Amino acid sequence: MDSSLLFLFSFWALTGSFISQATAESTESCPERILGNERRRSCPKPCKQDKDCPNKRQCLCDGQCGLSCVAPGRTCPWPLTPSPNSVARLLSPAPSFSALLEIRCQPNFKMTNGLEAAIRRCQGDRQWSGEDPVCTGAADAAPMAAPISCPVPEETGLTLEGTAALGSHISYSCRPGFALLGNRENFCQEDETWQYPHPICQRVFCPPPKEVEQGYLVAVQKQEYEVGEAIYYLCKKTFLLDGPNRVNCLPDGTWSTIPFCRARCPVPAQRSRVILAGVKLWPYEIPEGVVAHGQNVTFYCKHPEKRCSFTAEQPCFDGQLTAPSCYLEPTWLQFKLFPHRLVSEIAQCDASNLL
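Everything in the sequence shown is counted per UniProt numbering, starting at 1 for the first residue and increasing by one.
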């Protein structure tokens, strides 16, 4: 092992011993929860100290997942699937969490990225970090020299559009569930360097969803939700859901439309019939004397000059239903002594009488 690899191995061994203590100092040395060069579908539960983790897990630094709840005894696949062009060697006593392995090309082969060796680390998801290096021989080399260009970023989460040739522009984007941090465009300069640093793709999460008044939230209680995750809302008895009951975590880290739980409305008519869903009813015939949110109630009004009636419709909105201004509630005597003269019982006005 050359001196540079010996130094790298010593550094990783020292780092693994240090983060296992999960102290406040390790919080400062461990990177934030940003996925960069390592392609990972998910990260373990975030933490700050061991007590944040369930049994048999410790708060350890899991590469670009940052401080995470990891089972230290987890192992990564070993030995690796044999490759005809490369050889892998375990640099740690066992293929457990934070262990390192070295991959070198066979004689007469070279890595396409120009490195002598690749070092991979055992992550909390039981996978080795990074990607398998590609070793090519002289027969695999292109017959023509590659055109002069700027180096392509190694950020695996980035999607590039354009060319890295001198004087050309490229644009960056991230796959769903990640947000781009940095410039969206770059320019390859004459000195074979980029005008701006390459951006990174940061994992996007939604915060815990808000509670809905008079409603229930049906979801696994977590501190953060991944893009695409869904939660559900239900309303308490007698309340009506206004909006979708399924809410999704969007790619920008926000939730889709949050619904409301709307209250029923008492009907403000006690001695006059009204029309509900096309049926003419006395107030005591209406179940509990209330209507649901969004339901329309038709009231009867008396013509100011003629003995005929006309109708006016009012909607129920979240517990509020107001009678139209033309409606007059009959008195108790009118209701008891002259029920046939109530405005809801007299003939309706002709259309010509309403002009």
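Using N, Cα and C, we set each Cβ at its ideal position, and we do this for glycine too. Quick caveat: nothing in here was measured; it's all calculated off a predicted structure.
What did DSSP end up calling residue i once you bin it into helix, strand or coil?
i      : result
TRP282 : coil
ASP242 : strand
SER352 : helix
TRP78  : coil
PRO304 : coil
PRO287 : helix
PHE335 : helix
GLU131 : coil
GLY137 : strand
GLY63  : helix
ILE346 : coil
TRP12  : Residue placement at TRP12 is poorly supported in this model, since its pLDDT is 41, which falls under 50; the coordinates still yield a value, given next. Reduced to three states, the DSSP call for TRP12 is helix.
ARG33  : coil
SER341 : Here residue 341 is Arg; the residue named in the question, Ser, does not match the sequence. Here ARG341 sits in helix by DSSP.
Between the Cα of residue i and those of the options, spot the shortest distance and give me the residue it belongs to.
i      : options                           : result
SER86  : ALA323, ASP132 and LYS222         : ASP132
GLY289 : PRO268, GLN214, GLN223 and ALA347 : PRO268
ARG341 : ASN113, CYS308, CYS61 and PRO315  : CYS308
HIS293 : VAL343, LEU354, TYR327 and PRO266 : PRO266
PRO176 : ASN183, LEU158, GLN49 and PHE187  : LEU158
ARG121 : PRO209, GLN64, GLN49 and GLU190   : GLN64
ARG264 : VAL247, LEU240 and PRO153         : LEU240
THR238 : GLN223, VAL220 and ARG262         : ARG262
GLU185 : CYS174, PHE178 and ALA277         : CYS174
CYS30  : LEU67, ALA165 and LYS51           : LEU67
ILE200 : TYR327, GLU213, PHE178 and ASN55  : PHE178
LYS236 : GLN214, GLN223, THR254 and VAL220 : GLN214
PRO208 : VAL220, PRO197, GLN202 and HIS198 : VAL220
LEU354 : HIS303, CYS43, ILE346 and HIS198  : HIS303
TRP194 : ARG203, GLN202 and ASN183         : ASN183
ASP191 : LEU181, LEU166, LEU180 and TYR172 : LEU166
Return the chain-ordered list of same chain residues with a C-beta closer than 7 Å to the C-beta of residue i, the five sequence neighbours on each side being excluded.
i      : result
LEU80  : ALA88
PRO324 : PHE299, CYS301, ALA312 and GLN314
GLU211 : LEU217
SER168 : GLY162 and CYS188
TYR225 : PHE205, CYS206 and CYS249
SER256 : VAL247, ASN248 and LEU250
THR112 : VAL134 and THR136
LEU91  : PHE9, LEU100, LEU101 and GLU102
ALA44  : Sequence inspection shows Pro at residue 44; the Ala mentioned does not correspond to that position. Around PRO44: ASP62, CYS65, SER68, CYS69, VAL70 and GLY124.
SER129 : GLU38, GLY63, ARG120, ARG121 and GLN123
Who are the Cβ neighbours of residue i in its own chain at under 8 Å, not counting the five residues just before and after it?
i      : result
VAL218 : ILE231, TYR232, TYR233 and LEU234
GLN106 : PRO84, ASN85, SER86, VAL87 and CYS135
THR322 : PRO268 and GLN314
ASP350 : CYS308
ASN245 : TYR232, TYR233, LEU234 and PRO259
PRO95  : THR75, CYS76, PRO77, TRP78, LEU101 and CYS122
ALA164 : SER149, CYS150, PRO151, VAL152, ILE170 and CYS188
LEU281 : ARG273, VAL274 and ILE275
GLN334 : ARG271, ARG341 and LEU342
Using C-beta distances below 6 Å, list every residue in its chain close to residue i, excluding the 5 sequence neighbours before and after it, in chain order.
i      : result
ILE103 : SER86, ALA88, ALA118 and PRO133
CYS53  : CYS47, CYS59 and CYS69
ARG126 : ARG74 and CYS76
TYR196 : ASN183 and ASN186
PHE317 : none
GLU32  : GLY66
Just list the residues that DSSP pairs residue i with in beta bridges.
i           : result
PRO266      : VAL290
PRO46       : SER68
LYS110      : THR136
residue 398 : Here the chain covers residues 1 to 355 and nothing more, so residue 398 does not appear.
PHE97       : Looking at the DSSP assignment, PHE97 forms no beta bridge with any residue, so it has no partner.
GLU320      : Reading off the sequence shown, one finds Gln at residue 320, where the question assumed Glu. Bridge partners of GLN320: PHE317.
TYR233      : LEU217
CYS122      : TRP128
ALA117      : ARG104
ALA277      : Answer by DSSP bridge pairing: none, since ALA277 is not bridged.
GLN58       : VAL70
CYS326      : In the DSSP output, where bridge partners are listed per residue, CYS326 has none listed.
VAL227      : Answer is none; VAL227 lacks a bridge partner.
At least one CB of chain B closer than 8 Å to the CB of residue i: is that the case?
i      : result
LYS306 : The chain labelled as chain B is not found in the depicted structure, where only one protein chain is given.
Review point. Of all the beta strand (DSSP E) runs that stay within the bounds of the region 164-220, which reach a length of 3 or more residues?
Key: Segments of the beta strand (DSSP E) lying fully in the region 164-220: 169-174, 178-181, 185-187, 200-203 and 215-218.
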